[in-house]
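In terms of my numbering, the sequence shown is residues 826 to 1136.
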Amino acid sequence: MIEVENLTKHYGQHVALDGITFSVEHGEVVGFLGPNGAGKSTTMRILTTFLAATSGSVYIGGDCVFEQPNRVRRRIGYMPENNPLPIDLRVRDYLDFRAQLKHLSKDMATKRIDEVVDECGISDVANRYIGQLSRGYRQRVGMADALLANPELIILDEPTSGLDPNQIRSVRSLIRKLSGKHTVLISSHILSEIEMTCDRVIILHEGKLLASGEMKQLISKSNLAVVAEICAPLNDIKNWASEIALENSELIEQKNGYVRCRFSAIKNNDIREQIFTIVNERGWELRELSLQTPSLEDLFVSLTNGEEGNR
Ligand SMILES: Nc1ncnc2c1ncn2[C@@H]1O[C@H](COP(=O)(O)OP(=O)(O)O)[C@@H](O)[C@H]1O
Ligand SMILES: [Mg+2]
């Protein structure tokens, strides 16, 4: 559905995208993850034909974005970042106006507006002015617009930014409902957001693609960590950790003589036995020893640290 090859975008001297390559298959829900300034919105604007690239190629459903922008636009429903909506239109009138722009016939427009209003949970506010709506409702109006022409590909730029936890939940469940029927690309700088909604993730950092793949597989490649709570002098624990090259060990807290630490496993080995043995040998006491399942955050931190280390 999406084929991006060696995509580069310069804003003057500034390199916003530095030769990124990725593809997205039909029906996938893919998270586009990266800190602010990573290049997510830039990529999405290029994919949706609203911004020219410096070099590289982008195909959507086999159509070249640069040569056939009109065909591409018809395939895509796009909700831009901070989607500006006209505050002096009623929700239904706005959607009707958008349906006309998308060349929907009158009958089709009426049918689709009813459907998306229902799907996005905005039937209660359909006759209200957009200016009177909360941010959560406005966001759903933006999503209703993106869905209106029943596009194959839906591109949502930070759909949950600025929403409260309940609103985030409802947007998330809406996105889940889209999976299977549509190909969905969602950007976010919030890891847990992507972890909960997407099957695959593409990680961008400073205009470079750091990783791309199935979420579970990528996470399983990041290092295992073990949390231990040991009663021993902190320095003794530190010395032991450096002896066996547990460089990334981190102190979580110290309480009543107990030191709570997080050890990064070496070469992804589970080091619980090793910790148990050393504790016994040295006559320390142990009251917790647990393996932590790596999260997307661990993966992200390990990838971005590596990046800095290489410079
Ligand atoms: N119109 C622009 N002119 C100059 N620099 C820009 C422009 N838009 C974005 N940038 C810069 O390009 C980089 C990527 O921005 P953006 O794609 O918005 O990142 P993200 O959406 O991941 O936060 C940032 O460093 C940003 O400051
Ligand atoms: Mg952005």
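Where is the CB? At the ideal position from N, CA and C, for every residue including glycine.
Going by DSSP, what residue range makes up the beta strand (DSSP E) through residue i?
i       : result
Arg1087 : 1083-1089
Ile979  : 978-982
Leu1010 : 1008-1013
Ala1036 : 1033-1039
Lys1080 : 1075-1080
Hey, would you say the C-beta of residue i is under 8 Å away from at least one heavy atom of ligand 1?
i       : result
Pro909  : no
Lys865  : yes
His839  : yes
Pro860  : yes
Leu1029 : yes
Tyr962  : no
Thr833  : no
His1014 : yes
Gly987  : no
CA-CA distance, residue i and residue j?
i       : j       : result
Asn1135 : Asn895  : In this prediction, Asn1135 scores a pLDDT of 34, lower than 50, which makes its location untrustworthy; no coordinate-derived value is stated.
Gly887  : Arg1025 : 21 Å
Ile1062 : Phe1101 : 13 Å
Leu842  : Val1104 : 49 Å
Asp1095 : Leu1035 : 26 Å
Cys889  : Val897  : 8 Å
Asn975  : Val996  : 18 Å
Ala934  : Ile993  : 28 Å
Ala1050 : Arg1097 : 10 Å
Ser1012 : Asp932  : 33 Å
Thr846  : Met968  : 27 Å
Phe857  : Leu1029 : 7 Å
Glu1133 : Asp1123 : With a pLDDT of 41 at Glu1133, under the threshold of 50, the modelled position of that residue is not reliable, and the figure given next carries that caveat. So the two alpha carbons sit approximately 16 Å from each other.
Val769  : Ile979  : Lying before the first or after the last residue shown, residue 769 is absent from the chain, which here runs from 826 to 1136.
Glu1054 : Gly1032 : 40 Å
Ser948  : Val942  : 5 Å
Asn831  : Thr868  : 12 Å
Tyr836  : Ala878  : 10 Å
Val1126 : Gln925  : 46 Å
Arg917  : Gln964  : 15 Å
Cys1056 : Gly1082 : 6 Å
Gly1131 : His928  : Low confidence applies here, because Gly1131 scores a pLDDT of 46, under 50, leaving its location unreliable; read the following figure in that light. Using only the alpha carbons, I get a separation of about 48 Å.
Ser1045 : Pro860  : 22 Å
Spell out whether any CB of chain B is found under 9 Å from the CB atom of residue i.
i       : result
Leu1010 : No chain B appears in the structure shown, which is made up of a single protein chain.
Just reading off the alpha helix (DSSP H) that residue i is part of, what are its end residues?
i       : result
Gly967  : 960-972
Leu1146 : Within the shown structure, residues of the chain are numbered from 826 to 1136, placing residue 1146 beyond reach of any answer.
Arg997  : 990-1003
Ser1067 : 1059-1068
Val840  : Per DSSP, Val840 belongs to no alpha helix (DSSP H); it is in the beta strand (DSSP E), 839-849.
Per the DSSP calculation, residue i is bridged to which residue(s)?
i       : result
Asp888  : Ile885
Met904  : Leu981
Ser880  : Thr833
Val855  : Leu1010, Arg1025
Gln1117 : Ala1050
Does ligand 2 have even one heavy atom less than 8 Å from the beta-carbon of residue i?
i       : result
Asn1060 : no
Glu983  : yes
Ser1045 : no
Glu906  : yes
Ser998  : no
Ser1120 : no
Contact defined as beta carbons within less than 8 Å: I believe residue i pairs with residue j. What is the distance between those atoms, to the nearest angstrom?
i       : j      : result
Leu920  : Ile955 : In fact, because the Cβ distance is near 10 Å, the residues do not count as touching under 8 Å.
Ser1120 : Asp982 : That belief does not hold up - the Cβ atoms of Ser1120 and Asp982 are roughly 24 Å apart, past 8 Å.
Leu999  : Gly961 : Incorrect: roughly 11 Å between the Cβ atoms, too far for contact.
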